[in-house]
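Peer 1: Residue numbers (my numbering): 9 to 71.
All C-beta atoms in this analysis are idealised placements derived from N, C-alpha and C, irrespective of residue type, glycine included.
Right, I'll just put the structure down here and ask away after.
Set out below in structure tokens:
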């Protein structure tokens, strides 16, 4: 997760890319933190719902 956040400082991501990164994490807490931290680096925020789909229903409610 640290690596992803470091790369995020200098890169932009699509919602689909963020979704894939979120799905690859094991813990809901980390998934939520990553989804929140990369929102500002998202180039297509209108499609961010795909990131919520990558989260569990319970975790998605916390965003």
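Looking at the structure shown, is residue 11 part of a helix, part of a strand, or coil, going by DSSP?
Peer 2: Note: residue 11 maps to helix in three-state DSSP.
Peer 1: I believe residue 9 touches residue 33 by the beta-carbon criterion, under 8 Å. Please report the beta-carbon distance rounded to the nearest angstrom.
Peer 2: Rounded, the Cβ-Cβ distance is 7 Å, consistent with contact.
Peer 1: Per the DSSP calculation, residue 21 is bridged to which residue(s)?
Peer 2: The partner list for residue 21 (beta bridge, DSSP) reads 50.
Peer 1: Helix, strand or coil: which one does DSSP assign to residue 33?
Peer 2: Three-state DSSP puts residue 33 in coil, outside helix and strand.
Peer 1: What's the call for residue 39, buried or exposed, on a 16-neighbour Cβ count within 10 Å?
Peer 2: So residue 39 counts as buried.
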